[in-house]
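In the numbering used here, the protein residues as written are 18 to 617.
All C-beta atoms, glycine included, are put in the ideal place defined by N, C-alpha and C.
Notes follow the structure.
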């Protein structure tokens, strides 16, 4: 079925036409439908077609709708990516030397609650999530809207987001599975149910953010709820197959976007195990379309599994030495980034990596930083090309925003890699690391403005979960520590802007652990701490300046080869690996804070 789906270009058109003929209520709607890209004049008309259709629920929606007891979803929760526990504790311990005022006392009180939440993790795990929005409260999309969106995505198959989702499975396969699930051509599996609903949720989300279509936002919410329902019913011990692996991978992505990192790890690691069971990692040279599809799916699972391995501080389920699938010269950036994430954990931050010599780790960090710089340069090139080709942004308006989001993730990972290097100019961190961290905060500020400009809550949440909480986002703590130590006004301003960027228009509905709450508290604590100890203040004139787009100075990074010799002279009392290890694992502890909805 899958081979013919790939090789027969006209098959997808036939499937959609068959759907149209089987649903009598949409015959009029489909008459004269133009599959060409929408023009500004066509946009509002197409919006009305999608929004004004009367409901006609599909059988699949009825049969797969969860019982009332299963329909409650947890409230928004946030995993964290900051590692400043020691600083928070020191602020609390040293606050007696500070002249107390109301602002300082309130901040200290909140910091104490924060530390208490970190120390008593069992307390956070025991709290049950509160009921959220039930599936019954979301309107069921009519079949006509499904047909329309499938036609729309077929006409936009080259768009950035569509290309992204089709890295899991080819577009024709997605269309075939949607047909199978929502139009009852034949019975579908639990895995196919997740695949179809994941695909529909993403294409409706893309349409909604491009056209500002409220109906499409509702439809997206419905299909995301269906994905959650499907994951609760999915049997992980089912017979291994490609559809199950794709469902697990899509479920893992969904879980990351819902701030459920541990659940995401369970799904993606199971998917990796099944890939190895079926031999997808040993497809030396795919012989046909089916094997190529299996190989592509393996690399998608590989990239996300390596990223979650770093995010959670857990060993990957596959070693690079065991992978026989060919690495093409033009391999997708996300796969190369995943490989770097795997190396960063294995060789720099894992227990084994921390036991290696400083010399070895510095060499690894240097190599990974250069690889990341190549990826960053490619992303910049794609952004410039997209802007040059689509000045009116009519063809693929979201591409530049998605590329900027990628750039934030890539830059944050670069800062994490460079953090391994010893400090320069008497500073705690290497000059290149600090420069990249500052640039990444500035880049995030620009990207957040672009994302907020879309006025799409789901897009904002996705960006925060991927770029800030999943990456993980080390730049904040790097700049934070430096700002507190040297009282750099520009860095305090960066921290304030970073915290403010998460402020929601509906602040009354934010949970106590929303990123804005935490980062605002830490930024305030940093300023108050510096104010209490003005003797530490230094001018920033002699420190390296940052620019918006220059991530790494190659001359600075290439000096790493000579660092090891001077590092030995520092003496045995300086145990760099121990400090880096504590720093990394403090980060893992801190990230768990917002995974549980704990007020502080």
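DSSP state of residue i, grouped into three classes?
{"i": "residue 466", "result": "helix"}
{"i": "residue 200", "result": "coil"}
{"i": "residue 497", "result": "helix"}
{"i": "residue 426", "result": "helix"}
{"i": "residue 520", "result": "coil"}
{"i": "residue 255", "result": "coil"}
{"i": "residue 90", "result": "Any answer about residue 90 is weak, because its pLDDT of 45 lies below 50 and its placement is not dependable; what the coordinates show is given next. In this structure, residue 90 counts as coil in the three-state DSSP scheme."}
{"i": "residue 184", "result": "coil"}
{"i": "residue 155", "result": "coil"}
{"i": "residue 355", "result": "helix"}
{"i": "residue 372", "result": "coil"}
{"i": "residue 488", "result": "coil"}
{"i": "residue 230", "result": "coil"}
{"i": "residue 438", "result": "coil"}
{"i": "residue 505", "result": "coil"}
{"i": "residue 173", "result": "coil"}
{"i": "residue 343", "result": "coil"}
{"i": "residue 397", "result": "helix"}
{"i": "residue 445", "result": "coil"}
Starting from the C-beta of residue i, find all residues in its chain whose C-beta is less than 6 Å away, skip the five residues before and the five after it, and write them out in chain order.
{"i": "residue 215", "result": "244, 267"}
{"i": "residue 316", "result": "352"}
{"i": "residue 182", "result": "219"}
{"i": "residue 471", "result": "226"}
{"i": "residue 251", "result": "207"}
{"i": "residue 287", "result": "253, 265"}
{"i": "residue 487", "result": "273, 328"}
{"i": "residue 248", "result": "268"}
Exposed or buried, residue i, counting other C-beta atoms within 10 Å across all chains shown (16 or more means buried)?
{"i": "residue 506", "result": "exposed"}
{"i": "residue 398", "result": "exposed"}
{"i": "residue 345", "result": "exposed"}
{"i": "residue 231", "result": "exposed"}
{"i": "residue 296", "result": "exposed"}
{"i": "residue 209", "result": "buried"}
{"i": "residue 178", "result": "buried"}
{"i": "residue 9", "result": "Outside the displayed range of the chain (18 to 617) lies residue 9, so it cannot be described from this structure."}
{"i": "residue 305", "result": "exposed"}
{"i": "residue 383", "result": "buried"}
{"i": "residue 203", "result": "exposed"}
When the Cα atoms are used, what is the spatial distance from residue i to residue j?
{"i": "residue 156", "j": "residue 165", "result": "17 Å"}
{"i": "residue 339", "j": "residue 538", "result": "45 Å"}
{"i": "residue 414", "j": "residue 466", "result": "15 Å"}
{"i": "residue 509", "j": "residue 361", "result": "29 Å"}
{"i": "residue 459", "j": "residue 511", "result": "7 Å"}
{"i": "residue 280", "j": "residue 425", "result": "24 Å"}
{"i": "residue 184", "j": "residue 313", "result": "7 Å"}
{"i": "residue 175", "j": "residue 349", "result": "15 Å"}
{"i": "residue 276", "j": "residue 367", "result": "23 Å"}
{"i": "residue 22", "j": "residue 189", "result": "A caution first: residue 22 carries a pLDDT of 44, below 50, which makes its placement in the model too unreliable to give a value."}
{"i": "residue 87", "j": "residue 246", "result": "At residue 87, the pLDDT of 41 sits below 50, so the modelled position is not reliable; the number obtained from the coordinates is stated separately. Near 8 Å, if we compare the C-alpha coordinates of residue 246 and residue 87."}
{"i": "residue 452", "j": "residue 597", "result": "19 Å"}
{"i": "residue 532", "j": "residue 371", "result": "30 Å"}
{"i": "residue 499", "j": "residue 492", "result": "11 Å"}
{"i": "residue 355", "j": "residue 263", "result": "18 Å"}
{"i": "residue 309", "j": "residue 417", "result": "29 Å"}
Would you say the beta carbon of residue i comes nearer than 6 Å to a heavy atom of the ligand PLP?
{"i": "residue 350", "result": "Absence of the ligand PLP is noted for the structure shown, with no ligands found whatsoever."}
Identify, in the order they occur along the chain, each residue of the same chain with its Cβ nearer than 7 Å to the Cβ of residue i, setting aside the five sequence neighbours on each side.
{"i": "residue 238", "result": "155"}
{"i": "residue 450", "result": "432, 435, 436, 438, 495"}
{"i": "residue 194", "result": "209, 212, 213"}
{"i": "residue 322", "result": "285, 286, 289, 333, 334"}
{"i": "residue 236", "result": "158, 162, 221"}
{"i": "residue 544", "result": "509"}
{"i": "residue 261", "result": "208, 255, 291"}
{"i": "residue 389", "result": "357, 427, 430, 431, 434"}
With a threshold of 8 Å on Cβ separation, who are the neighbours of residue i within its own chain once the five nearest residues in sequence on each side are excluded?
{"i": "residue 420", "result": "177, 396, 399, 400, 403"}
{"i": "residue 476", "result": "222, 226, 468"}
**Study point:** Ordered list of alpha helix (DSSP H) runs contained in the region 272-311, each at least 4 residues
**Key:** Fully enclosed alpha helix (DSSP H) runs of 4 or longer: 278-294.
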